[in-house]
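Colleague: Chains V and X, in that order, give the protein sequences.
Using my numbering, the first residue of the first sequence is number 4, and each one after it goes up by one.
Using my numbering, the first residue of the second sequence is number 3, and each one after it goes up by one.
I'd like to ask you about the structure that follows.
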Amino acid sequence: NAGVTQTPKFRILKIGQSMTLQCAQDMNHNYMYWYRQDPGMGLKLIYYSVGAGITDKGEVPNGYNVSRSTTEDFPLRLELAAPSQTSVYFCASSYEVLTGATDTQYFGPGTRLTVL
Amino acid sequence: AQTVTQSQPEMSVQEAETVTLSCTYDTSESDYYLFWYKQPPSRQMILVIRQEAYKQQNATENRFSVNFQKAAKSFSLKISDSQLGDAAMYFCAATQGGSEKLVFGKGTKLTVNP
Numbered sequence: 004n005a006g007v008t009q010t011p012k013f014r015i016l017k018i019g020q021s022m023t024l025q026c027a028q029d030m031n032h033n034y035m036y037w038y039r040q041d042p043g044m045g046l047k048l049i050y051y052s053v054g055a056g057i058t059d060k061g062e063v064p065n066g067y068n069v070s071r072s073t074t075e076d077f078p079l080r081l082e083l084a085a086p087s088q089t090s091v092y093f094c095a096s097s098y099e100v101l102t103g104a105t106d107t108q109y110f111g112p113g114t115r116l117t118v119l
Numbered sequence: 003a004q005t006v007t008q009s010q011p012e013m014s015v016q017e018a019e020t021v022t023l024s025c026t027y028d029t030s031e032s033d034y035y036l037f038w039y040k041q042p043p044s045r046q047m048i049l050v051i052r053q054e055a056y057k058q059q060n061a062t063e064n065r066f067s068v069n070f071q072k073a074a075k076s077f078s079l080k081i082s083d084s085q086l087g088d089a090a091m092y093f094c095a096a097t098q099g100g101s102e103k104l105v106f107g108k109g110t111k112l113t114v115n116p
């Protein structure tokens, strides 16, 4: 299994441009997440999804959009990029069991985004 | 809002020695999960250890163990026989509001000296 994969690894955007960060997992996990990590900080949740067709906002959703059309993929869309969105973006996934037990989140390698 | 606090921005340890990283959290939930993640310079987030709050026994994974004090809302990580490869940022995280969502601390940078 490849686990959680993210593309691209690096990207430089100009202010006002848009882009989509790709995330895919091959572990048949139903839960997927997007985090951002600013310098010297921990990760903050942007959006998450509990299954195909279901998404919800996290702590810092402004300026981002997501969709989840399949179990495997969870792309993050940045519209009108701003310098404040310069960060490292991590995608993660986990498997929620019916008993309600929380599974461990497995992370992708991250995407370093710079907005100039 | 739930918060996770790591009060030690940086720590250092001699190779083969033991070091403890501190973490405190704030939650109103009775059942929740706690995690320590390691982030080496490669940026990859790697699970070190997890603890289920309803279990009183402290979790252990080889050289890594935790001291979970539920009443004090404390969750420290002990690394025994430190190795050069243990050098990394360590993040403490807790589930939020009975959900799968994680709240992370700001991290502790661990340096291992040969």
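The beta-carbon is built from N, C-alpha and C at its ideal position, and this holds for glycine as well.
1) Can you say whether V/Phe13 is buried or exposed, counting buried as having 16 or more other CB atoms within 10 angstroms of its CB?
2) Go through its chain and collect everything with a Cβ distance to V/Gln25's Cβ below 7 Å, but skip five positions before and after it.
3) Beta carbons nearer than 7 Å to chain X: which residues of the stretch 88-100 of chain V have them?
4) Pick from X/Asp28, X/Ala18 and X/Asn115: whose alpha carbon is nearest that of X/Gln71?
5) With three or more C-beta pairs closer than 8 Å as the rule, is the stretch 9-16 of chain X touching the stretch 107-116 of chain V?
6) Just checking: is the beta-carbon of V/Tyr34 within a distance shorter than 8 Å of some beta-carbon in chain X?
7) Give a yes or no on whether the minimum CB-CB distance between X/Leu23 and chain V is below 8 Å.
8) Taking only beta carbons into account, state which residues of the stretch 7-36 of chain X come closer than 9 Å to chain V, listed in chain order.
9) Taking a contact to mean a Cβ-Cβ separation below 8 Å, would you say V/Tyr51 touches V/Tyr34 in this structure?
10) Under the assumption that X/Tyr39 contacts X/Phe93 (Cβ atoms under 8 Å), give the Cβ distance between them as a whole number of angstroms.
11) Note down, in chain order, each residue of its chain lying with its Cβ closer than 6 Å to the Cβ of V/Tyr36, except the 5 sequence neighbours on either side.
12) Considering just the uninterrupted stretch of the beta strand (DSSP E) at V/Ser59, what are its terminal residues?
13) Does the beta carbon of X/Phe93 come closer than 8 Å to any beta carbon on chain V?
14) Thinking C-beta only, is V/Asp76 closer than 8 Å to V/Ala27?
15) Would you mind giving the Cβ-Cβ distance between X/Val68 and X/Ala74, rounded to the nearest angstrom? I have them listed as a contact below 8 Å.
Modeller: Based on what the coordinates show:
1) One-based indexing of the first sequence puts residue 13 of chain V at position 10. Exposed is the label assigned to V/Phe13, since fewer than 16 other Cβ atoms lie within 10 Å of its Cβ.
2) Here residue 25 of chain V corresponds to residue number 22 of the first sequence, with the count starting at 1. Spatial neighbours of V/Gln25 in its own chain (CB-CB distance under 7 Å, excluding positions within 5 residues in sequence) are listed in chain order as Gln9, Thr10 and Pro78.
3) The stretch 88-100 of chain V vs chain X, Cβ under 7 Å: Val91, Phe93, Ser97 and Glu99.
4) Reading the second sequence from its first residue, position 69 is the one you call residue 71 of chain X. For the set X/Asp28, X/Ala18 and X/Asn115, the Cα lying nearest the Cα of X/Gln71 is the one of X/Asp28.
5) Of all C-beta pairs linking the stretch 107-116 of chain V to the stretch 9-16 of chain X, fewer than three are shorter than 8 Å, placing the two stretches out of contact.
6) Numbered from 1 along the first sequence, position 31 holds the residue referred to as residue 34 of chain V. Interface residue, yes.
7) Residue numbering aside, residue 23 of chain X sits at position 21 when the second sequence is read from its first letter. It does not; no Cβ of chain V falls within 8 Å.
8) Taking 9 Å as the Cβ-Cβ cut-off against chain V, the residues of the stretch 7-36 of chain X that qualify are Gln8, Pro11, Asp33, Tyr34 and Tyr35.
9) In the first sequence, counting from the first residue as 1, residue 51 of chain V sits at position 48. In the first sequence, counting from the first residue as 1, residue 34 of chain V sits at position 31. It is a contact, given that the beta carbons lie within the stated cut-off.
10) Position 37 of the second sequence holds residue 39 of chain X. Position 91 of the second sequence holds residue 93 of chain X. Indeed, because the Cβ distance is near 5 Å, the residues count as touching under 8 Å.
11) Here residue 36 of chain V refers to the residue found at position 33 when the first sequence is read from its first residue. Excluding sequence neighbours, V/Tyr36 sits near Tyr51 and Ala95.
12) Counting from 1 along the first sequence, the entry for residue 59 of chain V is found at position 56. The residue asked about is misnamed: residue 59 of chain V is Asp in this sequence, not Ser. Looking at the DSSP string, the run of the beta strand (DSSP E) that includes V/Asp59 is Ile57 to Lys60.
13) Position 91 of the second sequence, counted from the first residue, corresponds to residue 93 of chain X. Yes, its Cβ sits closer than 8 Å to a Cβ of chain V.
14) Taking the first residue of the first sequence as 1, we reach residue 27 of chain V at position 24. Taking the first residue of the first sequence as 1, we reach residue 76 of chain V at position 73. Cβ atoms of V/Ala27 and V/Asp76: closer than 8 Å.
15) Taking the second sequence and counting its residues from 1, the one referred to as residue 68 of chain X is at position 66. Taking the second sequence and counting its residues from 1, the one referred to as residue 74 of chain X is at position 72. Not really, about 13 Å apart at Cβ, beyond 8 Å.
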